[in-house]
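Engineer: In the working numbering, the protein residues as written are -3 to 436.
Cβ coordinates follow ideal geometry from the N, Cα and C atoms, glycine included.
No experiment lies behind these values; they were computed from the predicted model shown.
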Ligand SMILES: [Zn+2]
């Protein structure tokens, strides 16, 4: 059998940059955090394998530190406005390059990289920062994650930035188009320095966070048309391959129903998308929201569902959702360590049952590490390979079959690869179709 390299089908850029990468990227542009902030961050990180809760998990996400670094750069070059944007770009280039370097070292065959400009202190749209349009970034900064404790330096930087964005000097900061350009440029450079056969195939997914209190993709929002236009153009030109929605599903204000217009429009334009869905723990409230989301999902045709732990539930809506995925061949991206660490699947027995069901469903399956910084310490080595080994081990433990773990794992690698190919092919065809439409 031909050797197939494993692939990571779900990796958030902002969750895959280690604190030391942020420090190094800052150093590249001649800025640094205070020592107190550094040790605060390092402490937050403590790379142990202990079980965690969703809140602990969120506090470890490097998103917050990448963004804080960006604010530090803005602040450091405040008195040299002509340098602000250049330095901010340099900093993000450095961050993306380091993330790619780490991914490259894993020797992956393919790689789905998700990134969310909404996580950053960039205006989450095309650019063109008129005063009126700046409201989105204002909301984003004012509604910052809220998880704490927060070091003094962080508080100060936010207060400073808030005073700036409520003032008149906004043209100098990064826009989402800058972010897209930076990611594309670094991927291109990566391609140019690697031998072809060693390069993973990269899918770029632009992810929208539903819990950022952003109105960019909400039904009836004034910004919806602009967002659609922006992502359609970026897909057509090959700057992005896929759209995604991520973020807190637990808050009913962010249920899937509020975004249906965006997804229907994407479908009619022919832009591929994936959904973070069914990721909640099986609490009473969680179940209510998930059930409601599955009901909405039944009318949608994403390329894949990320997480989808609740798909394995024995409820009518979960069953319908599974049938829908089978019929439409919607891929299921499994992030085991992530699901376990966030407490989505709290009991080891549930994981085994979950896996057994997963194996028997005729739904294309593949694996992802989600946020390498948070989960790689648990997984170690080549995280996605360990995910599959673990998966195979659990399957054997619940008596799925008597294969050796490695053999079963190799089958999972092959199955994952097949799923990826289907996914990739759909994207390719959809882009061809959308380009043809343009000619007519
Ligand atoms: Zn995710």
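Does any residue of chain B have a CB that is nearer than 8 Å to the CB of residue 351?
Structural biologist: The structure shown contains no chain B; it is built from a single protein chain.
Engineer: DSSP three-state call for residue 295: helix, strand or coil?
Structural biologist: Coil, per DSSP.
Engineer: Is DSSP giving residue 180 helix, strand or coil here?
Structural biologist: Helix, per DSSP.
Engineer: Taking the alpha-carbon positions, what's the residue 275 to residue 330 distance?
Structural biologist: Computed Cα separation, rounded: 10 Å.
Engineer: Have a look at 313, 185 and 227 and flag the residue whose alpha-carbon is nearest the alpha-carbon of residue 259.
Structural biologist: Here the closest residue by C-alpha is 227.
Engineer: From 427, 94 and 224, pick the residue whose C-alpha is nearest to that of residue 186; which is it?
Structural biologist: With distances taken between Cα atoms, residue 186 lies closest to 94.
Engineer: Quick one: residues in its chain with C-beta nearer than 7 Å to the C-beta of residue 128, no 5 flanking neighbours on either side, listed in chain order?
Structural biologist: Any reading at residue 128 must be qualified, since the residue scores a pLDDT of 47, below 50, and its modelled position is unreliable; no value is offered.
Engineer: Based on Cα-Cα distance, which residue from 357, 254, 85 and 151 lies nearest to residue 323?
Structural biologist: With distances taken between Cα atoms, residue 323 lies closest to 357.
Engineer: Taking one C-beta from the segment 81 to 93 and one from the segment 12 to 25 each time, how about it: are there three or more such pairs within less than 8 Å?
Structural biologist: Because the criterion of three Cβ pairs below 8 Å is met, the segment 81 to 93 and the segment 12 to 25 touch.
Engineer: Can you tell me whether residue -1 is buried or exposed, with buried defined as 16 or more other CB within 10 angstroms of its CB?
Structural biologist: Result: exposed.
Engineer: Does the structure place the segment 8 to 15 close enough to the segment 64 to 84 that three or more beta carbon pairs sit under 8 Å?
Structural biologist: Judged by Cβ distances under 8 Å, the segment 64 to 84 makes no contact with the segment 8 to 15, as fewer than three pairs qualify.
Engineer: Let me confirm a value: residue 416 is counted as buried when at least 16 other C-beta atoms fall within 10 Å, else exposed. Which label applies?
Structural biologist: Under this definition residue 416 is a buried residue.
Engineer: With DSSP run on the structure shown, which of helix, strand or coil describes residue 200?
Structural biologist: The answer is strand: DSSP assigns residue 200 an E or B state.
Engineer: Following a CB-centred definition, is residue 99 positioned closer than 7 Å to any heavy atom of ligand 1?
Structural biologist: No, the Cβ of residue 99 stays beyond 7 Å of every heavy atom of ligand 1.
Engineer: Just to confirm, are residue 182 and residue 92 a CB contact at a threshold of 8 Å?
Structural biologist: Contact: yes.
Engineer: Compute every distance between the C-beta of residue 20 and the non-hydrogen atoms of ligand 1, then say whether any falls below 7 Å.
Structural biologist: Incorrect: residue 20 has no Cβ contact closer than 7 Å to ligand 1.
Engineer: The alpha helix (DSSP H) that contains residue 78, what's its start and end?
Structural biologist: Per DSSP, residue 78 belongs to the alpha helix (DSSP H) from 77 to 100.
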